[in-house]
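These notes are about the structure you will find just below.
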RNA sequence: AGGCACGUAGCUCAGUGGGAGAGCACCACCUUGACACGGUGGGGGUCGGCGGUUCAAUCCCGCCCGUGCCUACCA
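In our numbering, the protein residues as written are 23 to 904.
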């Protein structure tokens, strides 16, 4: 029935947010999935949580706009298509740029709808009429506009800098796209002889082939062993070039011999050092990762091969002192896992510092808050150490950089419209930069580009800033921080008020899910096996703040069991509502339960008023939890309400009236049952939209309205304190009798006699049938004095409940039970007495605490005394029967 | 190397400065007319370890141990 309801919601336009809608706006933007991607559990979790919020806000009466869309995912998509090409034995270079890009568009057309279809299957209530794609014309226009403005402001500039280079992709990568992975490398120690023939320095390196690009050897200026030699020259092994010995304080005196080779063209430290000291930079690499002519005899070799050859030649030349195992961390391409080579290259950069300051400020001022709060530290850490962002990529799939180089003066013209002449020299010989922008550049604009920026649209006016962004912590740097910077810079306001960081999903053993590990759970399979609502409920119920989710089959079975329980409760209700109740209010629109109770014309029992009161409480607690992004709490509250209160107590109690012969009582209970169930359905709808709608539509009097149109029921008047107490007492007494039965091992069907004090006369009159039915007792008797020795006795609900038992075997059991009870009471009593005997406690603890302890002491003492008396009587009786 | 989490019942996890809870699992009893994906009852924990603050610590502080993640230029 899932697709049927989804289609019905779409047809009714329930997900569409109109700018004409007078209700208060509430918006969020989807983290756009890769256009060619497929739904994984991370998507399922994040989009379920967003859908929970979106539906919740709709039920609360907001004009909710959930902006959907997909990301072109530059390098990721290009790599996928290149792999497909490789399987056919081709390369993108052979195909040529135009044909290759056409091929990617074709790929997008083929697979682009899948992820959207899957999100719909999950129930996501996105405003699909507004769906966007990062490379559609509107968003492309926004990208150009931003690039041009930032360039004009001097924040975007060209520079030759040491960058991460992926030889396979043949493109530059940002630091974020080049994560470090552990590699079991070797540390080689190499002799660099002094030119004057007097001695040598030993130098350690993990990348011996880079010595071909060395332009110096450095020691620490205060190093007593080496500092005096600074200024002498060394003979570069294998190539024979003369390189100077220099001093720089970046050298770690403790490492190796305290001397380090300097390769400014291929190492970040050395690059900085080379700039400081004005050392020459030698690039030894072609873009494809093979060595170039600067590597002399090694030219043409790939890095890995060159390393082997260099080591062999060093050994042959007697310059290799030794080598040893050296596990370390090496940057790899995030997308193709190739080892990244640092090299100097001219690229477009975005100067981040001026943007980072405001982005930190707004979070400090709590204009945007992270949930859980701890992630703000991650956010700050990155922004505090911000470095320029390489935004150009030597790829073909993405936004082409709107910059044209003049064939005449060589300068760049940057413009939103394709220029016809150079803005510097007026020449007409312009060629657009071949490069495209980092895919995250367009993502950074997502919260406003999707609403029509740079035009001043009503959508922007209404829906920006968005209420919340929900995402994983892995893209706080990639995306969240950059959206914040761009939003502040171009919109003058934060892009979102809240940032919710969802948990990471792991397998049942806590291991990361990965294809290679084979432990991936496919959400689509779960949805068909257990139902989408079961998956959604399970994910929500596990989404506690600050902890990863361990997901296994047993968790999913729990979610499914809950859906089934709700379904069965609904079956009971439908069986007992017969033709529908005139005047029952389930489907009468917002605030269906109407004005504060008591509702005229509906007498209603205590049980009826109680369940509606608990519904109100559950709704309030759920909403407080959702507003604080405490999803697991919301799920737990609803679980407890539906299972522990509605099913375990109310439905059982309702059977009395429903199966009784008082038509008025029966009708009142039917009405309440329907209201309570409908209320539960509304409360659960954000978590499990399909089954709740299915049940709701089966209830009488629906009038074709959907849950989201009806909204949450308005709360009724508070249940008076004495009524709450009376219900608590009933629950306690029933539980008490059940406990006694259980502990004495009474078979089912054996009805016991129960005596309550005469002060409980009214209580017994009102709840006798409930006691009989739920605790399986005979009609309770009233008596002032205990009914004799042969009784199990317990305190419950302010009464002394006496369960009559005539069999002496039970008497002996009861003695043991009472002894146990007494032991527990005396232990508690001693503990409290100890506290009250402590002068420090009396003097320093707050007065209400002390009072509470005194009261507790009195209560325990009285109870213990009662137990002692009963015990004495029982022992006496036991003696008599023996 | 630094940072951030986490360590509570067999398992998965909530939680709080005034003698700890849930779900699942377990045990016992129950084919009671919504539901055995169920009902009722029950057992089970020196809240990772050691110190400190406090009248009082599972909770706050310090150190240690274990686990995970992130950042980072140790050649």
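Quick reminder that beta carbons are idealized off the backbone N, C-alpha and C, glycines included.
Practice task
Count the other CB atoms, across all protein chains shown, that sit within 10 Å of the CB of residue 330; report buried if there are 16 or more and exposed otherwise.
Solution key: exposed
Problem - Where residue 605 falls, given that 16 or more other Cβ within 10 Å makes a residue buried - result: Note that residue 605 scores a pLDDT of 42, beneath 50, so its modelled location is shaky and nothing firm can be said.
Practice task
Could you name the residues of the same chain whose beta carbon sits closer than 7 Å to that of residue 796, not counting the 5 residues immediately before and after it, in chain order?
Solution key: 674, 756
Exercise for the section: State the DSSP-derived secondary structure class of residue 266, mapped to helix, strand or coil. Expected result: strand
Exercise for the section: Please report how far the alpha carbon of residue 474 lies from the alpha carbon of residue 499, in whole angstroms. Expected result: 25 Å
Handout entry: Per-residue DSSP class, three states only, for residue 392
Key = strand
Problem - Start-to-end residues for the beta strand (DSSP E) that takes in residue 178 - result: 178-188
Exercise for the section: Tell me whether the beta-carbon of residue 535 lies closer than 8 Å to the beta-carbon of residue 523. Expected result: no
Practice task
Closer than 6 Å by C-beta to residue 4: which residues in its own chain qualify, once you throw out the five before and the five after it? Chain order, please.
Solution key: Residue coverage of the chain in this structure runs from 23 to 904, which leaves residue 4 outside it and unanswerable.
Practice task
Taking 8 Å as the threshold, find out whether the stretch 736-749 comes into contact with the stretch 581-592 through three or more Cβ pairs.
Solution key: no
Handout entry: CA nearest to the CA of residue 680, picked from 178, 595, 708
Key = 595
Exercise for the section: Identify which residue in 390, 676, 705, 424 has its Cα closest to the Cα of residue 691. Expected result: 676
Handout entry: Coarse secondary structure for residue 764, derived from DSSP in three states
Key = helix
Practice task
Note down the Cα distance separating residue 591 from residue 669, rounded to an integer number of angstroms.
Solution key: 7 Å
Handout entry: C-beta contact flag for residue 249 and residue 269 at 8 Å
Key = yes
Practice task
Note down, one range per segment and in chain order, each beta strand (DSSP E) of at least 3 residues found wholly within the stretch 405-477.
Solution key: 425-428, 434-436, 452-454
Practice task
Measure the C-alpha to C-alpha separation of residue 490 and residue 764 and round it to an integer number of angstroms.
Solution key: 51 Å
Exercise for the section: Check whether the Cβ atoms of residue 504 and residue 345 lie closer than 8 Å to each other. Expected result: no
Problem - Euclidean distance between Cα positions of residue 179 and residue 411 - result: 10 Å
Practice task
Could you tell me which residues DSSP pairs with residue 370 in its beta bridges?
Solution key: 180
Practice task
Apply the 10 Å Cβ neighbour rule to residue 529 and answer buried if 16 or more other Cβ atoms are within range, or exposed otherwise.
Solution key: buried
Practice task
Could you tell me which residues DSSP pairs with residue 261 in its beta bridges?
Solution key: Note: residue 261 sits in no beta bridge, so no partner.
Practice task
Could you spell out the range, first to last residue, of the beta strand (DSSP E) harbouring residue 48?
Solution key: 47-51
Handout entry: Assumed close pair residue 567, residue 652 - CB separation to whole angstroms, cut-off 8 Å
Key = 7 Å
Practice task
Taking residue 214 as part of the beta strand (DSSP E), name the residues at either end of that continuous run.
Solution key: 202-215
Handout entry: Local Cβ density within 10 Å of residue 858, reported as buried at 16 or more and exposed below that
Key = exposed
Exercise for the section: Taking residue 218 as the reference, give the member of 200, 234, 192, 257 with the closest Cα. Expected result: 257
Problem - Outcome for residue 131 when other beta-carbon atoms lying within 10 angstroms are tallied against a minimum of 16 - result: exposed
Problem - Start and end residues, beta strand (DSSP E) containing residue 490 - result: 488-494
Handout entry: Integer Cβ distance of residue 488 from residue 170, believed to fall under 8 Å
Key = With 8 Å as the limit, residue 488 and residue 170 do not qualify as a contact, their Cβ atoms being about 25 Å apart.
Practice task
Note the first and the last residue of the continuous beta strand (DSSP E) segment covering residue 223.
Solution key: 222-227
Practice task
Can you grab the Cα-Cα spacing for the pair residue 781 / residue 752, in whole Å?
Solution key: 15 Å
Practice task
Check residue 518 in the structure and name its three-state DSSP category.
Solution key: strand
Handout entry: Nonlocal neighbours in the same chain, by C-beta distance under 7 Å from residue 481, ignoring five residues either side
Key = 41, 473, 474
Exercise for the section: Quick one: using the 10 Å Cβ neighbour count with 16 as the cut-off for buried, is residue 272 buried or exposed? Expected result: exposed
Handout entry: Buried/exposed call for residue 259, threshold 16 Cβ in 10 Å
Key = buried
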